[in-house]
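See below for the structure under consideration.
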(Lines of atoms letter the chains of each structure in order from A and count residues from 1; the text may use other names and numbers.)
(Lines give C-alpha, C1' and ligand atoms only; values in the text may rest on other atoms or scores of the structure.)
Protein backbone atom coordinates (compact mmCIF):
# COMPACT_ATOMS: atom_id res chain seq x y z
CA UNK A 1 0.00 0.00 0.00
CA UNK A 2 1.23 3.49 -0.76
CA UNK A 3 2.07 5.72 2.22
CA UNK A 4 -0.71 8.22 1.39
CA UNK A 5 -3.27 5.43 1.10
CA UNK A 6 -2.15 3.88 4.37
CA UNK A 7 -2.40 7.26 6.07
CA UNK A 8 -5.88 7.96 4.72
CA UNK A 9 -7.08 4.51 5.76
CA UNK A 10 -5.61 4.93 9.25
CA UNK A 11 -7.33 8.30 9.68
CA UNK A 12 -10.66 6.84 8.59
CA UNK A 13 -10.25 3.88 10.94
CA UNK A 14 -9.54 6.26 13.82
CA UNK A 15 -12.74 8.20 13.09
CA UNK A 16 -14.55 4.86 12.93
CA UNK A 17 -13.13 3.95 16.33
CA UNK A 18 -14.27 7.31 17.68
CA UNK A 19 -17.80 6.74 16.37
CA UNK A 20 -17.79 3.17 17.67
CA UNK A 21 -16.76 4.16 21.20
CA UNK A 22 -19.27 6.97 21.43
CA UNK A 23 -22.03 4.84 19.89
CA UNK A 24 -21.32 2.09 22.41
CA UNK A 25 -21.41 4.53 25.33
CA UNK A 26 -24.18 6.90 24.28
CA UNK A 27 -25.88 5.69 21.09
CA UNK A 28 -25.36 6.29 17.36
CA UNK A 29 -27.37 9.52 17.12
CA UNK A 30 -25.42 11.04 19.99
CA UNK A 31 -22.18 9.85 18.36
CA UNK A 32 -23.04 11.77 15.19
CA UNK A 33 -23.87 14.90 17.22
CA UNK A 34 -20.58 14.69 19.12
CA UNK A 35 -18.63 14.05 15.95
CA UNK A 36 -20.13 17.20 14.47
CA UNK A 37 -19.46 19.19 17.64
CA UNK A 38 -15.87 17.93 17.95
CA UNK A 39 -15.23 17.78 14.20
CA UNK A 40 -12.23 20.10 14.27
CA UNK A 41 -10.47 18.17 17.04
CA UNK A 42 -11.38 14.80 15.58
CA UNK A 43 -10.30 15.84 12.08
CA UNK A 44 -6.99 17.24 13.34
CA UNK A 45 -6.20 14.16 15.43
CA UNK A 46 -7.24 11.78 12.62
CA UNK A 47 -5.12 13.76 10.15
CA UNK A 48 -2.14 13.63 12.50
CA UNK A 49 -2.59 9.90 13.02
CA UNK A 50 -2.90 9.38 9.27
CA UNK A 51 0.21 11.46 8.66
CA UNK A 52 2.18 9.43 11.18
CA UNK A 53 0.99 6.21 9.58
CA UNK A 54 1.90 7.42 6.09
CA UNK A 55 5.33 8.51 7.28
CA UNK A 56 5.83 5.18 9.03
CA UNK A 57 5.02 3.27 5.83
CA UNK A 58 7.40 5.54 3.92
CA UNK A 59 10.25 5.06 6.44
CA UNK A 60 9.66 1.34 6.56
CA UNK A 61 9.99 1.15 2.77
CA UNK A 62 13.20 3.16 2.89
CA UNK A 63 14.62 0.83 5.52
CA UNK A 64 13.68 -2.20 3.46
CA UNK A 65 15.45 -0.63 0.49
CA UNK A 66 18.55 -0.37 2.62
CA UNK A 67 18.23 -4.04 3.52
CA UNK A 68 18.17 -3.47 7.25
CA UNK A 69 15.68 -3.92 10.06
CA UNK A 70 15.60 -1.07 12.53
CA UNK A 71 12.05 0.14 12.06
CA UNK A 72 11.26 -0.91 15.62
CA UNK A 73 11.96 2.51 17.14
CA UNK A 74 9.87 4.24 14.50
CA UNK A 75 7.08 1.73 14.99
CA UNK A 76 7.05 2.11 18.75
CA UNK A 77 7.14 5.89 18.68
CA UNK A 78 4.52 6.33 15.99
CA UNK A 79 2.18 3.78 17.49
CA UNK A 80 2.62 5.09 21.01
CA UNK A 81 1.99 8.73 20.20
CA UNK A 82 -0.99 7.92 18.02
CA UNK A 83 -2.50 5.73 20.70
CA UNK A 84 -2.11 8.45 23.33
CA UNK A 85 -3.67 11.02 21.01
CA UNK A 86 -6.57 8.72 20.16
CA UNK A 87 -7.21 7.90 23.82
CA UNK A 88 -7.11 11.59 24.75
CA UNK A 89 -9.57 12.32 21.97
CA UNK A 90 -12.05 9.53 22.54
CA UNK A 91 -11.91 8.52 26.19
CA UNK A 92 -13.97 11.42 27.50
CA UNK A 93 -16.97 10.14 25.53
CA UNK A 94 -17.32 7.02 27.62
CA UNK A 95 -18.24 9.13 30.65
CA UNK A 96 -21.83 7.84 30.61
CA UNK A 97 -20.60 4.28 31.06
CA UNK A 98 -18.04 5.06 33.76
CA UNK A 99 -20.55 5.62 36.62
CA UNK A 100 -22.05 2.21 35.85
CA UNK A 101 -18.57 0.74 36.18
CA UNK A 102 -18.05 2.52 39.52
CA UNK A 103 -15.75 5.19 38.11
CA UNK A 104 -17.80 8.33 38.77
CA UNK A 105 -14.74 10.42 39.65
CA UNK A 106 -13.09 9.51 36.35
CA UNK A 107 -16.29 10.36 34.49
CA UNK A 108 -16.43 13.82 36.07
CA UNK A 109 -12.72 14.45 35.42
CA UNK A 110 -12.88 13.37 31.79
CA UNK A 111 -15.99 15.41 31.10
CA UNK A 112 -14.58 18.54 32.76
CA UNK A 113 -11.23 18.30 30.99
CA UNK A 114 -12.23 17.01 27.57
CA UNK A 115 -10.94 20.06 25.67
CA UNK A 116 -7.52 20.04 27.40
CA UNK A 117 -7.32 16.27 26.86
CA UNK A 118 -8.00 16.65 23.15
CA UNK A 119 -5.53 19.55 22.94
CA UNK A 120 -2.99 17.33 24.67
CA UNK A 121 -3.74 14.62 22.14
CA UNK A 122 -3.04 17.09 19.35
CA UNK A 123 0.26 18.08 20.96
CA UNK A 124 1.36 14.46 21.32
CA UNK A 125 0.24 13.81 17.75
CA UNK A 126 2.30 16.77 16.52
CA UNK A 127 5.34 15.43 18.35
CA UNK A 128 4.84 12.04 16.71
CA UNK A 129 4.52 13.60 13.26
CA UNK A 130 7.68 15.64 13.79
CA UNK A 131 9.59 12.57 14.95
CA UNK A 132 8.41 10.46 12.00
CA UNK A 133 9.16 13.31 9.57
CA UNK A 134 12.68 13.56 10.99
CA UNK A 135 13.17 9.82 10.52
CA UNK A 136 11.86 10.07 6.96
CA UNK A 137 14.28 12.90 6.13
CA UNK A 138 17.28 11.14 7.69
CA UNK A 139 16.59 7.83 5.95
CA UNK A 140 15.80 9.49 2.60
CA UNK A 141 19.18 11.20 2.71
CA UNK A 142 20.94 7.95 3.55
CA UNK A 143 19.24 6.07 0.72
CA UNK A 144 20.14 8.85 -1.74
CA UNK A 145 23.76 8.90 -0.54
CA UNK A 146 24.02 5.13 -0.88
CA UNK A 147 22.45 5.24 -4.34
CA UNK A 148 24.84 7.95 -5.53
CA UNK A 149 27.84 6.04 -4.13
CA UNK A 150 27.07 3.00 -6.31
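Numbering (our numbering), first residue to last: 1 to 150.
All C-beta atoms in this analysis are idealised placements derived from N, C-alpha and C, irrespective of residue type, glycine included.
Since the structure is predicted, the reported quantities are computational estimates derived from the model, not experimental observations.
Best match in the options for proximity to residue i [C-alpha to C-alpha]
i: residue 11; options: 1, 25, 42; result: 42
i: residue 145; options: 116, 62, 21, 5; result: 62
i: residue 52; options: 143, 124, 148, 149; result: 124
Nearest-angstrom Cα separation, counted from residue j out to residue i
i: residue 138; j: residue 9; result: 25 Å
i: residue 39; j: residue 3; result: 24 Å
i: residue 57; j: residue 6; result: 7 Å
i: residue 35; j: residue 126; result: 21 Å
i: residue 1; j: residue 130; result: 22 Å
i: residue 118; j: residue 22; result: 15 Å
i: residue 147; j: residue 64; result: 14 Å
i: residue 113; j: residue 33; result: 19 Å
Classification of residue i by the beta-carbon crowding that lies within 10 angstroms, buried from 16 upward
i: residue 50; result: buried
i: residue 37; result: exposed
i: residue 115; result: exposed
i: residue 60; result: buried
i: residue 128; result: buried
i: residue 31; result: buried
Nearest-angstrom beta carbon gap, residue j and residue i [assumed within contact, 8 Å]
i: residue 55; j: residue 133; result: 6 Å
i: residue 46; j: residue 14; result: 5 Å
i: residue 122; j: residue 20; result: Actually they do not touch by this definition, with Cβ atoms about 21 Å apart.
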